[in-house]
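Peer 1:
In my numbering, the protein residues as written are 405 to 782.
1) Considering residue 611, what are the terminal residues of the alpha helix (DSSP H) in which it resides?
2) Can you tell which of 567, 781, 639 and 619 has its C-alpha closest to the C-alpha of residue 589?
3) Bridge partners of residue 466, per DSSP?
4) From which residue to which residue does the alpha helix (DSSP H) around residue 774 run?
5) Apart from the five residues on each side of it in sequence, which residues of its chain come closer than 8 Å, Cβ to Cβ, to residue 518?
6) Closest Cβ-Cβ distance between residue 723 and chain D: below 9 Å?
7) Please report how far the alpha carbon of residue 788 lies from the alpha carbon of residue 582, in whole angstroms.
8) If we count Cβ pairs, one from each stretch, closer than 8 Å, do we get three or more for the region 595-605 versus the region 547-557?
9) Just to confirm the assignment, what range does the beta strand (DSSP E) spanning residue 688 have?
10) Less than 8 Å separating the Cβ of residue 531 from some heavy atom of the ligand GDP?
11) Indicate whether residue 673 and residue 575 have their beta-carbon atoms separated by less than 9 Å.
12) Checking 9 Å against the spacing of the C-beta atoms, do residue 697 and residue 578 come in under that value?
13) For residue 540, I'd like the list of residues in its chain whose CB is within less than 8 Å of its CB, leaving aside the five on either flank, ordered along the chain.
14) Go ahead and pull the three-state DSSP assignment for residue 591.
15) Buried or exposed: where does residue 446 fall if 16 or more other Cβ atoms within 10 Å of its Cβ makes it buried?
16) Taking only the alpha-carbon atoms, compute the straight-line gap between residue 671 and residue 507 and give it to the nearest angstrom.
17) Using the C-alpha atoms, what's the distance from residue 642 back to residue 732?
18) Measuring alpha carbon to alpha carbon, tell me which of 486, 630, 777 and 757 ends up nearest residue 610.
19) What does the alpha-carbon distance come out to for the pair residue 710 and residue 587?
20) Measure the C-alpha to C-alpha separation of residue 466 and residue 633 and round it to an integer number of angstroms.
21) Assign residue 571 to one of three DSSP states: helix, strand, or coil.
22) Who are residue 670's beta bridge partners in DSSP?
23) Which residue from 737, 760, 773 and 681 puts its Cα closest to that of residue 571?
24) Measuring alpha carbon to alpha carbon, tell me which of 560, 628 and 646 ends up nearest residue 596.
25) Report the rounded CA-to-CA distance for residue 584 versus residue 687, giving the unit in angstroms.
26) Would you kindly report the start and end of the unbroken alpha helix (DSSP H) that includes residue 640?
27) Can you check which of these residues, 766, 769, 763 and 691, is closest to residue 753 by C-alpha distance?
28) Considering only the alpha carbon of each residue, which of 694, 624 and 614 lies closest to residue 767?
29) Counting C-beta neighbours from all protein chains within 10 Å, is the total for residue 665 16 or more, i.e. buried, or is it exposed?
30) By Cβ distance, which residues of its chain are closer than 6 Å to residue 765, with the 5 residues on each side in sequence left out?
31) Quick one: what's got a C-beta closer than 7 Å to residue 559's C-beta in the same chain, skipping five residues either side?
32) How is residue 715 classed by DSSP in three states: helix, strand or coil?
33) Confirm, please, whether the CB-CB distance from residue 533 to residue 707 is below 9 Å.
34) So what does DSSP say about residue 564, is it helix, strand or coil?
35) According to the neighbour-count rule (16 or more other Cβ atoms, all chains shown, within 10 Å of its Cβ), is residue 762 buried or exposed?
36) Can you tell me which of the three DSSP states residue 757 falls into?
The structure is reproduced here in C-alpha cells:
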C-alpha cells in the first residue's frame, strides 16, 4: 500500500485550495454581478414607474381644434411651460365639431376652436363657460376690431364673453391659372359644364346651402324659406355633375387638386388652402366672387365642464402670444388677430357666417344630396 506523507498531503491541499480560489472568485463575481443586475433592474423599474407616475399625475388639457391651430411644437412649448399634458383632437367640419362635443366615449373637452356662428350655438346650448378677461391679458395685443367683442355677433351673450377671436378667412374660389387664365368672377362658375369632373366642393351642409344661396342671388343666405331650400337642393344636385369629389381636410383637397388636375374649387379654408397648394407646386389664384363671399372668424372658447378652468384660460391666452400668432400666419397662410393683413378692397362683399334657420334640415337634405339622391325627389 502506498502511503502519502504529511508533506505530500500539505502540498496536495495547497494545490486544491489554489485551484478552488479562482472558481470561488468567479462565483463571487457572478453572484455580485447578478446582485448588481438585479439592483440595476429594480432601480430602472422604480425610475420608470416613478416617471410614469409623474407623467400620469400631470394635469391633462383636452383641446378640440382645426388643422394647423395647435401644431406639435406649439403644444410642446405650452406643456413644458405649465408642466401639463395636452391632448389635441382635430375636426374637419362644423358637424364633426358638434359630434365630438357630444361624444359619450371620450373625455370632455376643456377648450375648443369654433366659428362665431357655432360659438353662439354652443353658448345657447349651455355648453360654454363665460371667460374671465382678467386672465387673458394678451387680448390687449389684439387689433381694435377684435377687442370690440360686443360688435362681433355670436361671442357675447348677456354681457358675458364666450369666445376670443383667433383667426379668420374668406371662403372664395380657388382656380388653376393654367386651365382658367382669366379669374372667374362668379360662384356660378362652379356649375360651368366646361369644368365637368374638375371641381372640388367642401363636404358641409351649412356652407353649401349658404354659398349656393349667394350664387342664386338670395339676400340672406343664413335664413332660407322652404322654397329657397328646395331650389338650392336642386342646384346642389346639379353641381354633382361637375364634381370630382367632396373634401374635408385642406391637405386632402391639396392632394386631389394636384393629382387630378382640378380646375376650380370652393375654398372652405380660404387662404390656408391657397398656401398649401402653392407649397405643393400648384399655380393657383384666389378670388372673391362678385355676388359676395362667406367668411369665418374662429374663436377659442372654454367649455362648462373644463376640469381646470385656469389651465384652459392659460391656453387661450397662450394662443394670442405674438410668436404663436406669427406661426399661424407663416405656416397656414391664415390671418391672425394681432397684425393687420394687407389692404383688401373686397371686404365690403364679405359676409361673416351666422346661425342658420334650421341646421337639422340642412344636414338632412345634404346627406341625401351627397349620397346621390335624384333631383326630382326634393
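Using N, Cα and C, we set each Cβ at its ideal position, and we do this for glycine too.
Peer 2: So, to answer that:
1) 609-619
2) It is 619 whose Cα lies nearest to the Cα of residue 589.
3) 491
4) 763-774
5) 498, 501, 526, 567, 702, 703 and 705
6) Of the protein chains in the structure, only one exists, and it is not chain D.
7) Limits of the chain in this structure are 405 at one end and 782 at the other, which puts residue 788 out of reach.
8) no
9) 688-691
10) The ligand GDP is not among the ligands present in this structure, which contains no ligands whatsoever.
11) Annotated as proximal: residue 673 and residue 575, with beta-carbon spacing under 9 Å.
12) no
13) Result list for residue 540: 568, 717, 720, 721 and 724, in chain order.
14) helix
15) The pLDDT assigned to residue 446 is 45, lower than 50, so where the model puts this residue is not dependable, and the model offers no usable value.
16) Their backbone Cα atoms lie some 28 Å apart in a straight line.
17) 37 Å
18) Nearest option by C-alpha distance: 757.
19) 47 Å
20) 37 Å
21) strand
22) 577
23) 737
24) 646
25) 11 Å
26) 630-643
27) 691
28) Ranking the options by Cα distance to residue 767, first place goes to 614.
29) exposed
30) none
31) 520, 523, 553, 565, 566, 567 and 703
32) helix
33) yes
34) Correct three-state label for residue 564: strand.
35) Residue 762 is exposed by the Cβ-count criterion.
36) coil
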